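Engineer:
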Amino acid sequence: MDIKRCHWVSEDEIYQRYHDEVWGRPVYDKQDLFAKLCLDGQQAGLSWITILKKQQNYEALFANFDANIIATFDDAKVEALLLEPGIVRNRLKVNSIIRNAKALLAFEANGGDFSEFLWSFVGGKPKVNHFSSMVQVPAQTAESEAMSKALKKLGFNFVGPTICYAFMQEVGMVNDHTTDCFRYGQ
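Just so you know, we're using numbering that gives the first Met the number 0 here: the sequence shown kicks off at 0 and counts up by one.
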């Protein structure tokens with residue numbers, strides 16, 4: 000049986016599994032949201048499949064994205080991470096995960112709820128779009144621009160409006176499955 004997927008999905012099994020089981024499904028867990036936001040930042044300038052293929056390495060090397068642990072990473076740990084072939088060895092990107100962990104902890108120390116904060120940009124529930132073609136899907140929206148600005152104000156980085164929109168798509172804040180995709184109505 001030939002399954003109709005969004006047009007961006009290649010024949011790569013990893014990409015298909017990601018599309019079918021992850022992309023667009025609502026995520027509310029703060030640690031999962033933090034992990035996905037950090038991974039989306041790692042994509043900057045690269046294809047998403049590159050990061051997907053390295054995701055398990057990131058999880059192992061960054062303590063399953065436990066912000067409490069990541070915030071303790073020092074210069075020696077950064078240097079060790081930059082030697083790891085299983086991640087993108089870019090100093091700015093490695094440091095961004097540490098910086099984002101510290102920003103998350105500071106936000107929470109001030110009483111913030113990270114999940115509630117992020118979901119507030121779409122009114123707390125998924126926004127369902129009705130795109131028939133990927134050409135119609137925007138790279139960023141007013142909501143992703145607002146999220147980007149707010150995250151930067153909190154001290155996060157690698158969270159531009161395009162990265163934020165990709166994040167919003169991934170965690171189901173917006174449903175951008177095309178109307179001909181089998182996942183659209185799910």
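Glycine included, every Cβ here is placed at the ideal spot set by N, Cα and C. All of these numbers come straight from a predicted model, not from anything done at the bench.
Starting from the C-beta of ASN94, find all residues in its chain whose C-beta is less than 8 Å away, skip the five residues before and the five after it, and write them out in chain order.
Structural biologist: So the qualifying residues of the chain are VAL77.
Engineer: What is the DSSP secondary structure of ASN89, reduced to helix, strand or coil?
Structural biologist: Of the three classes helix, strand and coil, the one that applies to ASN89 here is coil, per DSSP.
Engineer: Compare the Cα-Cα distances from PHE64 to each of VAL136, LYS35, ASP1 and GLY111 and report the closest residue.
Structural biologist: Out of VAL136, LYS35, ASP1 and GLY111, LYS35 has the C-alpha closest to the C-alpha of PHE64.
Engineer: What's the C-alpha gap between GLU20 and LYS29?
Structural biologist: Going by the C-alpha atoms only, they are around 19 Å apart.
Engineer: Suppose you measure from the CA of VAL8 to the CA of ARG98; what does that come to, to the nearest Å?
Structural biologist: Cα to Cα, the separation comes out at about 32 Å.
Engineer: Once you ignore the five residues that flank GLY23 on each side, which residues in its own chain have a CB closer than 6 Å to its CB?
Structural biologist: Counting only Cβ-Cβ distances below 6 Å, and skipping sequence neighbours, we find GLY171, ASN174 and HIS176.
Engineer: Measure the Cβ-Cβ separation of GLU142 and VAL121 and say whether it is below 8 Å.
Structural biologist: In contact: GLU142 and VAL121 (Cβ atoms closer than 8 Å).
Engineer: Need the endpoints of the alpha helix (DSSP H) that CYS163 sits in, please.
Structural biologist: Run containing CYS163: 160-169, per the alpha helix (DSSP H) assignment.
Engineer: Quick one: using the 10 Å Cβ neighbour count with 16 as the cut-off for buried, is MET133 buried or exposed?
Structural biologist: Per the 10 Å Cβ criterion, exposed.
Engineer: Return helix, strand or coil for VAL21, following the three-state DSSP convention.
Structural biologist: If DSSP states are grouped into helix, strand and coil, VAL21 belongs with coil.
Engineer: One question on the structure: do GLY159 and LYS92 come within less than 8 Å of each other, judged by their Cβ atoms?
Structural biologist: No, the pair does not count as a contact, with Cβ atoms beyond the cut-off.
Engineer: I'd like to check one pair, LEU117 with LEU32: are the Cβ atoms closer than 8 Å?
Structural biologist: Going by C-beta atoms, LEU32 is nearer than 8 Å to LEU117.
Engineer: Could you tell me which residues DSSP puts in a beta bridge with ASN174?
Structural biologist: Bridge partners of ASN174: VAL127.
Engineer: Note the first and the last residue of the continuous alpha helix (DSSP H) segment covering LYS3.
Structural biologist: That residue, LYS3, is in no alpha helix (DSSP H); it is neither H nor E in DSSP.
Engineer: Could you check which residue in THR140, GLY44, LEU81 and HIS6 has the C-alpha nearest to that of PHE57?
Structural biologist: For the sequence presented, residue 57 should be read as Tyr rather than Phe. That would be LEU81, whose Cα lies nearest to the Cα of TYR57.
Engineer: Using a Cβ-Cβ cut-off of 6 Å (strictly less than) and excluding sequence neighbours within five positions of ASP11, which residues of its own chain qualify?
Structural biologist: Excluding positions up to five away in sequence, the list is empty.
Engineer: What is the rounded straight-line gap between the Cα of ALA66 and the Cα of ASP74?
Structural biologist: Answer to the nearest angstrom: the Cα atoms are 17 Å apart.
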